[in-house]
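Trainee: Sharing a structure with you now.
In the working numbering, the protein residues as written are 17 to 134.
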């Protein structure tokens with residue numbers, strides 16, 4: 017089984033719960049604190065495919081006040097949105113967990129069981 021990579025925010029309860037679930041299952045984990053080390057534009061675009069979502073906007077926390085402050089919209093293209101998310105990673109939904117060529121968002125944390133159980 018390949019390593020699990022979690023894009024983690026230690027201040028987020030769902031992210032902490034997801035990390036705890038991975039640790040409980042004793043899988044190999046790489047933790048990336050994405051507020052300190054944001055994913056690249058290409059990694060963000062890759063997440064769209066890995067998560068099976070349609071557009072990068074589906075990964076955006078639209079209820080964050082910063083979303084309104086920056087006047088973002090679901091009409092933005094992935095190419096327009098990706099550099100903004102690199103600059104403001106707080107807007108990225110969390111946690112994102114990758115394993116091989118699959119990914120899930122740990123909301124709820126039990127979503128990671130899909131990756132663990134195959």
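Idealized CB from N, CA, C, for every residue including glycine. As the structure is a prediction and not an experimental result, all values here were calculated from the model.
Please classify residue 58 as buried or exposed, where buried requires at least 16 other C-beta atoms within 10 Å of its C-beta.
Mentor: exposed
Trainee: What are the start and end residues of the alpha helix (DSSP H) that includes residue 51?
Mentor: Per DSSP, residue 51 belongs to no alpha helix (DSSP H) and is neither H nor E.
Trainee: Less than 8 angstroms between the beta carbons of residue 37 and residue 24, yes or no?
Mentor: Not a contact, by the Cβ cut-off of 8 angstroms.
Trainee: Going by beta carbon distance, what residues of the same chain come within less than 7 angstroms of residue 107, once the five residues before and after it are set aside?
Mentor: 76, 77, 80, 82, 83, 101
Trainee: When the distance is taken between beta carbons, is residue 45 closer than 8 angstroms to residue 20?
Mentor: yes
Trainee: What first and last residue would you give for the beta strand (DSSP E) that runs through residue 147?
Mentor: Coverage of the chain is limited to positions 17 through 134, which leaves residue 147 absent and any answer about it impossible.
Trainee: Using CA coordinates, which residue listed in 87, 89, 18, 110 is at the minimum distance from residue 125?
Mentor: The candidate whose alpha carbon is nearest that of residue 125 is 110.
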